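Chemist:
Residue numbers (this note's numbering): 1316 to 1682.
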C-alpha cells in the first residue's frame, strides 16, 4: 500500500481520498469519533485537543495526572516521572521536566485513581479547568489500570462542570480493542488522540471527537494546521493497517490479548520462582514488569521499584536475543504468534537461570 502510494504522490498539501477513507474507518471503530482530523505525532494531536478544549469552554487550564505522558511539549511535559526529592521540593506544585524548564501555569496535577485528589483540584480550580486528560490505562508509568468506577467518575464530573474529558489513546488505541480503551472500558470521552498503532509504524496521528466540539475546527474557529497533516504515505499505511486489524470484525484482538496475558503471567512466574519480588501489571497486550513486589495504584507506588535490577535483567535478556524497553513496558502485537510467546518465555527462563547461576541476584532485592 505504501509503495503504491509512493508511486502516485508524496504530499498534496490539500484534502485527498485517503483522508476520507481512513477517517470513515476511525468513525466506524471509535465510539467518540463523530469527526476526525489528522496530524503527524501524538504530541501534535494532544496540543490540538487542549487548544480546542480551551476555546470551547473559555477556560485556560487543564488537569492531568502524575506519571501520565502526553508528549514532549513544555505545556504537557509536567510531573511525568518526578523523583522523591522533586516531589518533596515541589510541595504539591506541578513539576517541570528537563534542565531550565519551568512548570507551565496552565496545568493542574492530580493523583491517578484518587477521586479525592480530583475533587480537591476541581474545588480549587474547576472554574479555570477546560479539560481533564489522561491515559485511560496508565501505560507510560507501570501500566496501571483505572480502578473500578474511576473513569466513570471522570466522565461524571467533567459532564457536570463544563469540562471536556480527553483520552490520550496514543498507546491504548487499536491495542486494547478495535475501539481502543473507550471500547474496552465502556467510557466515552469528548475527545481522544491516536498515534502509533493507527499508522502501522508510520508518522500519523489523529484527533477525534464529538461533533459539537470538533465543529470548532471544521469551521475555522480553532486552528488545526500542518503541511504534512494527513500525509498520503502515512495514511496509505493507516488504511492498510486498519483493514488488517478490523478483519473479521477485529477477531484477532482476543488472540492478541490472550498471548499478552500468557507472556505477562509467564514472565512474572519465572522471576518470582527465582526469588525476585517481581510483579507484571497490565491489560492484555501491554504490561509492565517491576521489581518491587507491589501492585501499583498510582505513579508514586513505582518510586520503590529497583530500576537497576530491571536494567540488569534487560541486558541479560539481550544475550538470548530478546530486546525489551528499558522502562519496564512489554508489548504484544498482532504479528506475534503463540510460537513467539513460547520462545520468549523460554528465553526469559534461561536468562533468569543463567543470571542466577553466574552471579546471584542482590540479597537486598530478593523476596
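Quick reminder that beta carbons are idealized off the backbone N, C-alpha and C, glycines included.
Model, not experiment: these values are computed from the prediction.
How close, in whole Å, do the beta carbons of residue 1425 and residue 1436 come, if the pair is a contact with beta carbons under 8 Å?
Modeler: Rounded, the Cβ-Cβ distance is 5 Å, consistent with contact.
Chemist: Please report how far the alpha carbon of residue 1632 lies from the alpha carbon of residue 1514, in whole angstroms.
Modeler: Between residue 1632 and residue 1514, the C-alpha separation is close to 29 Å.
Chemist: Expressed to the nearest angstrom, what Euclidean distance is found between the alpha-carbon atoms of residue 1545 and residue 1350?
Modeler: Each residue's alpha carbon lies about 14 Å from the other.
Chemist: Pick out the complete beta strand (DSSP E) segments inside the segment 1501-1580, 3 residues or longer, and give them in chain order.
Modeler: Runs of the beta strand (DSSP E) inside the segment 1501-1580: 1506-1509 and 1520-1524.
Chemist: When you compare each of 1638, 1386 and 1616 to residue 1626 by their alpha carbons, which one comes out closest?
Modeler: Residue 1638 is the option with its Cα nearest to residue 1626.
Chemist: Please report the distance separating the alpha-carbon of residue 1316 from that of residue 1336.
Modeler: So the alpha carbons of these two residues sit roughly 14 Å apart.
Chemist: Does DSSP classify residue 1285 as helix, strand or coil?
Modeler: The shown model of the chain, from 1316 to 1682, leaves out residue 1285, and the question about it has no answer.
Chemist: Taking 9 Å as the cut-off, decide whether the C-beta atoms of residue 1410 and residue 1421 are in contact.
Modeler: Cβ atoms of residue 1410 and residue 1421: not closer than 9 Å.
Chemist: Could you spell out the range, first to last residue, of the alpha helix (DSSP H) harbouring residue 1432?
Modeler: Looking at the DSSP string, the run of the alpha helix (DSSP H) that includes residue 1432 is 1430-1440.
Chemist: Should residue 1323 go down as buried or exposed, given a rule of 16 or more other Cβ atoms within 10 Å for buried?
Modeler: Classification of residue 1323: exposed, given that the 10 Å Cβ count is below 16.
Chemist: How many angstroms separate the CA atom of residue 1369 from the CA atom of residue 1478?
Modeler: Straight-line Cα distance between these residues: approximately 9 Å.
Chemist: Pull up the distance between the alpha-carbon of residue 1529 and that of residue 1363, whole angstroms please.
Modeler: Their backbone Cα atoms lie some 10 Å apart in a straight line.
Chemist: Looking at the strands, I want to know which residues DSSP matches up with residue 1459.
Modeler: Paired residues: 1453.
Chemist: Check for me: the beta strand (DSSP E) holding residue 1483 runs from which residue to which?
Modeler: Where residue 1483 is concerned, the enclosing beta strand (DSSP E) stretches over 1479-1483.
Chemist: Taking 9 Å as the cut-off, decide whether the C-beta atoms of residue 1613 and residue 1453 are in contact.
Modeler: The answer is yes: Cβ separation under 9 Å.
Chemist: Residue 1523: which of 1499, 1495 and 1548 sits nearest, CA to CA?
Modeler: Nearest C-alpha to residue 1523: 1495.
Chemist: Hey, quick one: how far does the beta strand (DSSP E) through residue 1645 stretch, first residue to last?
Modeler: Residues 1644-1646.
Chemist: Alpha carbon to alpha carbon, how far is residue 1593 from residue 1583? Give it in angstroms, no decimals.
Modeler: Distance between the alpha carbons of residue 1583 and residue 1593 is about 6 Å.
Chemist: Which value, in whole angstroms, describes the spacing of the CA atoms of residue 1579 and residue 1374?
Modeler: If I take the Cα positions, the gap works out to 42 Å.
Chemist: Where does residue 1444 sit, in a helix, a strand or coil, going by DSSP?
Modeler: Reduced to three states, the DSSP call for residue 1444 is strand.
Chemist: With three or more C-beta pairs closer than 8 Å as the rule, is the segment 1592-1608 touching the segment 1563-1573?
Modeler: With the cut-off at 8 Å, the segment 1563-1573 and the segment 1592-1608 touch.
Chemist: Quick check on the burial criterion: 16 or more other C-beta atoms within 10 angstroms. Buried or exposed for residue 1603?
Modeler: Under this definition residue 1603 is a buried residue.
Chemist: Pick helix, strand or coil for residue 1384, following the three-state DSSP scheme.
Modeler: Residue 1384 falls in the coil class under three-state DSSP.
Chemist: Since residue 1353 sits in a beta bridge, which residues does DSSP pair it with?
Modeler: Note: residue 1353 sits in a beta bridge opposite 1521.
Chemist: Is it a yes or a no for the segment 1463-1470 touching the segment 1490-1509, going by three-plus beta-carbon pairs under 8 Å?
Modeler: Cβ pair count under 8 Å is three or more, so yes.
Chemist: What do you reckon, is the C-beta of residue 1640 under 8 Å from a heavy atom of the ligand ADP?
Modeler: By its list of ligands, the structure shown contains no ligand whatsoever, and the ligand ADP lies outside what it can speak to.
Chemist: What three-state label does DSSP hand residue 1422 in the structure shown?
Modeler: In this structure, residue 1422 counts as strand in the three-state DSSP scheme.
Chemist: How far does the beta strand (DSSP E) with residue 1598 in it reach, from first residue to last?
Modeler: Residues 1593-1598.
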